[in-house]
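Here the sequence shown stands for residues 39 to 302, where the numbers follow our numbering.
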Amino acid sequence: MADPTRVIDDLCAESDELDRLVAGVEAGRWGTATPAAGWDVAHQIAHLAWTDRSALLAVTDADGFRELVERALAAPHTFVDEGAEEYARAAPAELLARWREGRAALEKALREAPAGARFPWYGPPMSAASMATARLMETWAHGLDMADALGVVRPPSDRLRHVAWLGVRTRDFAYGVHGLTPPAEPFRVELTGPGGGVWAYGPEDAAQRVTGPALDFCLLVTQRAHRADLALTADGPDADRWLDIAQAFAGPPGGGREPEEDAR
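Laid out in structure tokens, this is it:
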């Protein structure tokens, strides 16, 4: 079974880096619009805080989390936005404190989780390592939205390895939420990490292949950029189809982002 220590450490590092970014932003700029339609910086932090609370319930209070799932099923297309809107009403200092407290509590719960335990989620059940990976993915992706809004460039780090792994692992989920049957055969995915090394997944002799920069793959599976703007190559019709529908996050199919040419 996977030892969650490294990914929990990397989740904390990713969160701390984002914290340093937003902590230095004056209160008036928390209302700056981000690339996510209808969400400003406050909504982005509110979403992270709200989802950390959901994850904490999943790890520590199964009944409480079950109530959240019932609410999500009743309003699948608005549930996430409603959670962000509720938390975003707080003053920036209060919201920042809430996010810090929530992610510290989640870190503690994940580190203390029994070995081999699996926890409910909005998709398939997760181990502590998988839960931490999902939280890192969301923190990185929403952090990009905030950095873009604030005019800050955040260089990619090797922590993207976790996001890339999750993007590969969620291949069949992406097909399923689009009502499609996943291919029976595994794909080969070869990505060039920020440091120049190759991150490889799947059998070397797979007929269906995806290659390109790890950053671009992570932008694709978190739907932070349109495929047309990324340097990813698909060999094989199934791999090509996957790049059109890939998503590493739970919930209904995401709307994605428009190509840069169309957005101008």
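Heads up, the beta-carbon is just placed ideally off N, CA and C, and yes, glycines get one too.
- Annotation for A40: A167 place their beta carbon closer than 6 Å to its own, counting only its chain and skipping 5 residues before and after.
- Pairing A269 with D254 gives a Cβ-Cβ distance under 7 Å.
- At a Cβ-Cβ threshold of 7 Å, L229 and A252 count as neighbours.
- With distances taken between CA atoms, A288 lies nearest to M175 out of R226, M175, G235, P232.
- Under DSSP, S165 forms a beta bridge with R156.
- Taken through DSSP and simplified to helix, strand or coil, W137 comes out as helix.
- Contact between the stretch 215-225 and the stretch 186-199 is absent: fewer than three C-beta pairs spanning the two stretches fall below 8 Å.
- Comparing alpha-carbon positions, the option among E105, A80, D47 lying closest to D183 turns out to be A80.
- Secondary structure note for W203: its alpha helix (DSSP H) is the uninterrupted segment 198-207.
- An exposed status is given to P291, since fewer than 16 other beta-carbon atoms sit within 10 Å of its beta-carbon.
- For G102, the uninterrupted alpha helix (DSSP H) run begins and ends at 100-112, by DSSP.
- Taking 7 Å as the cut-off, the beta carbon of A238 is found no closer than this to the beta carbon of G274.
- In the structure shown, P130 falls within a helical segment according to DSSP collapsed to helix, strand and coil.
- With three or more CB-CB distances shorter than 8 Å, the stretch 138-152 counts as touching the stretch 90-100.
- Residue burial annotation: R209 is buried, with at least 16 other C-beta atoms found within 10 angstroms of its C-beta.
- When secondary structure is reduced to three states using DSSP, V63 falls in the coil class, being assigned neither helix nor strand.
- When the five nearest sequence neighbours on each side are left out, the beta carbons in the same chain lying within less than 8 Å of the beta carbon of D186 are those of T72, P73, in order along the chain.
- Per DSSP, reduced to three states, the secondary structure at P193 is coil, with no helix or strand assignment.
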